[in-house]
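Residue numbers (the numbering used here): 3 to 392.
Ideal placement from N, C-alpha and C gives every residue a C-beta, glycine not left out.
I have placed the structure first, in the form of structure tokens, so that the comments after it can refer back to it.
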């Protein structure tokens, strides 16, 4: 099993692009590009992070379930943690410092001065990737990196999760595993549907609940997919779901975006209340794509989208810093609308992707291979890199 790697690599690019355009909504609106249906869809872009969490659990279970095995070992765990650091830390650390310098530069250009979150204790939290841990997250710096703090927490506990997954694998059938995957999401669904004062789902351990539930659901979904991999009936259903699920998400986005009672006051670009209902659909879509070879899977497996998947991590960490510098520059030159603003917005998006490619090619991959070589791991060919989840 493993033919799904290419299409799920393509999904990584879609998730990163969704998050990027979610953050770029003000620029798209000022450019006249944020038409109603697109706006409702992009408002949900924050769940691109949730999609990453589930995808990470899915792919890491595929890659490491048998490697870590049924027993917890110190050597196996240390090896896993080092490989995950090699995957995420070089770009993370570089962009943390670039973000700090960029924030200082923005403060000078805009006259806002030094940001209140720029303290040494805050910097140390970022360096050790613990800024999002606990009930009172401390964001700032390169703030999309909060999700890496949560991923790191998941990586630390993954060897223990594997012990559970190993036992679930042989004791339950695919339908029971699918039910367990959904059950794993219930704490997140509960807080997402009941909280009326937390539009970003960060208060009271919400970030920890997000990674714990979605990463686990993605891991169990992999087990279910593995059980269904030889079923023609499952493959046929998956081909249909690969089309139906994204269409359903778009419909839900439009409907929820037009119900006044679901909107957050003063936050027109944020996902409506109750948006967490689409998260089980996203995980269902991952499973459907992994099981099917229809047009959606083939489209996501194209060379362009697979390369996009390779650069998705760098895209995620680069985009908000570059956007901040772009906004400061546009403020200095005094362009706030019109054809020049539209052209500049299109160049912003293209430049973000270009910078992400350079970051992946010049920093992310060389640093990852250097760190892997320190423990004697061979160089991974680019075509195999899809197995290295975000």
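**Asked** Are the CB atoms of residue 152 and residue 319 nearer to each other than 8 Å?
**Response** Here residue 152 is taken as the residue at index 150 of the chain shown, counted from 1. Here residue 319 is taken as the residue at index 317 of the chain shown, counted from 1. Inclusion of residue 152 and residue 319 in the CB contact set at 8 Å is not warranted, their separation being larger than that value.
**C-alpha distance - residue 177 paired with residue 70, whole-angstrom precision** = The residue given as residue 177 occupies position 175 in the chain shown. The residue given as residue 70 occupies position 68 in the chain shown. One C-alpha to the other measures close to 25 Å.
**Asked** Nearest-angstrom Cα distance between residue 145 and residue 356?
**Response** One-based indexing of the chain shown puts residue 145 at position 143. One-based indexing of the chain shown puts residue 356 at position 354. For residue 145 and residue 356, the distance between alpha carbons rounds to 21 Å.
**Request:** Inspect the beta-carbon positions of residue 302 and residue 21 and report whether they are closer than 8 Å.
**Result:** As a position in the chain shown, residue 302 is number 300, starting the count at 1. As a position in the chain shown, residue 21 is number 19, starting the count at 1. Their beta carbons are not under 8 Å apart, which means residue 302 does not touch residue 21 by this criterion.
**Item:** Contact check, residue 314 vs residue 17, beta carbons under 8 Å
**Value:** Stepping through the chain shown from its first residue, residue 314 is reached at position 312. Stepping through the chain shown from its first residue, residue 17 is reached at position 15. Against a cut-off of 8 Å, the Cβ pair of residue 17 and residue 314 comes out as a contact.
**Message:** Please return the same chain residues whose Cβ sits closer than 7 Å to the Cβ of residue 264, not counting the five positions on each side in sequence.
**Reply:** Within the chain shown, numbered from 1, the residue matching residue 264 stands at position 262. Taking residue 264 as the centre and dropping the five residues before and after it, the same chain places the C-beta of 258, 274, 275 and 276 closer than 7 Å to its C-beta, in chain order.
**Asked** How is residue 15 classed by DSSP in three states: helix, strand or coil?
**Response** Here residue 15 refers to the residue found at position 13 when the chain shown is read from its first residue. It is helical.
**Item:** Contacting residues, own chain, Cβ-Cβ under 7 Å from residue 51 (five flanking each side not counted)
**Value:** Here residue 51 refers to the residue found at position 49 when the chain shown is read from its first residue. Hits under 7 Å: 21 and 149.
**Message:** Short of 7 Å in beta carbon distance, which residues of its chain neighbour residue 386, apart from the five on each side in sequence? Order them along the chain.
**Reply:** Reading the chain shown from its first residue, position 384 is the one you call residue 386. The pLDDT assigned to residue 386 is 41, lower than 50, so where the model puts this residue is not dependable; a value taken from the coordinates is nonetheless given after this. The answer is none, since no qualifying residue turns up.
**Own chain, CB closer than 8 Å to residue 205, minus 5 neighbours either side, in chain order** = Start at 1 with the first residue of the chain shown, and residue 205 comes out as number 203. Only 137, 197 and 199 meet the Cβ criterion.
**Request:** Keeping to the same chain, check which residues put their C-beta closer than 7 Å to that of residue 269; ignore five residues upstream and five downstream.
**Result:** Taking the chain shown and counting its residues from 1, the one referred to as residue 269 is at position 267. For residue 269, where only same-chain residues beyond five positions count, the Cβ hits under 7 Å are 201.
**Request:** Classify residue 346 as buried or exposed, calling it buried when 16 or more other Cβ atoms lie within 10 Å of its own Cβ.
**Result:** Position 344 of the chain shown, counted from the first residue, corresponds to residue 346. Taking every protein chain shown into account, the CB of residue 346 has 16 or more other CB atoms within 10 angstroms, so this residue is buried.
**Buried versus exposed call for residue 15 [16 or more other C-beta atoms within 10 Å across all chains shown]** = As a first step, residue 15 must be located in the chain shown, where it is residue number 13. Buried, by the Cβ-count rule.
**Asked** Using the rule of at least 16 other Cβ atoms within 10 Å of the residue's Cβ for burial, across every protein chain shown, is residue 175 buried or exposed?
**Response** Counting from 1 along the chain shown, the entry for residue 175 is found at position 173. That one is exposed.
**Asked** Touch check for the segment 231-240 and the segment 207-218: three-plus C-beta pairs under 8 Å?
**Response** no
**Proximal residues to residue 327 (C-beta, below 8 Å), its chain only, five neighbours per side dropped** = Translated into the one-based positions of the chain shown, residue 327 becomes position 325. If we look at residue 327 and ignore the five residues flanking it on each side, its Cβ neighbours are 104, 107 and 108.
**Request:** Return the first residue and the last residue of the alpha helix (DSSP H) that residue 331 is part of.
**Result:** Looking up residue 331 in the chain shown gives position 329. Segment 314-335, the alpha helix (DSSP H) holding residue 331.
**Item:** Unbroken stretches of the alpha helix (DSSP H), 4 residues or longer, contained in the segment 137-189
**Value:** 148-173 and 176-186
**Prompt:** Pairing CB atoms from the segment 280-294 with CB atoms from the segment 178-191, are three or more of them under 8 Å?
**Reply:** yes
**Message:** Does residue 311 come out as helix, strand or coil in the three-state DSSP assignment?
**Reply:** Within the chain shown, numbered from 1, the residue matching residue 311 stands at position 309. If DSSP states are grouped into helix, strand and coil, residue 311 belongs with the helices.
**Item:** Reduced DSSP secondary structure (H/G/I, E/B, other) of residue 118
**Value:** Counting from one through the chain shown, the residue named residue 118 turns up at place 116. Here residue 118 sits in coil by DSSP.
**Prompt:** Does the beta-carbon distance from residue 322 to residue 64 come in below 8 Å?
**Reply:** Residue mapping note: residue 322 aligns to position 320 of the chain shown, counting from 1. Residue mapping note: residue 64 aligns to position 62 of the chain shown, counting from 1. For the 8 Å CB-CB criterion, residue 322 and residue 64 do not form a contact.
**Prompt:** Skipping 5 residues on each side, what residues in its chain have a beta carbon closer than 7 Å to that of residue 344?
**Reply:** In the chain shown, the residue the question calls residue 344 occupies position 342. Only 33 and 34 meet the Cβ criterion.
**Prompt:** Which word fits residue 377, buried or exposed, when buried means at least 16 other C-beta atoms lie within 10 angstroms of its C-beta?
**Reply:** Counting from 1 along the chain shown, the entry for residue 377 is found at position 375. Exposed, since its Cβ has fewer than 16 Cβ neighbours within 10 Å.
**Prompt:** Secondary structure at residue 83, three-state DSSP: helix, strand or coil?
**Reply:** Numbered from 1 along the chain shown, position 81 holds the residue referred to as residue 83. Correct three-state label for residue 83: helix.
**Request:** Return the Cβ separation of residue 255 and residue 213 in integer angstroms, given the expectation that the two are a contact with Cβ distance under 8 Å.
**Result:** The residue you call residue 255 lines up with position 253 of the chain shown. The residue you call residue 213 lines up with position 211 of the chain shown. Wrong, their Cβ atoms sit about 23 Å apart, outside the cutoff.
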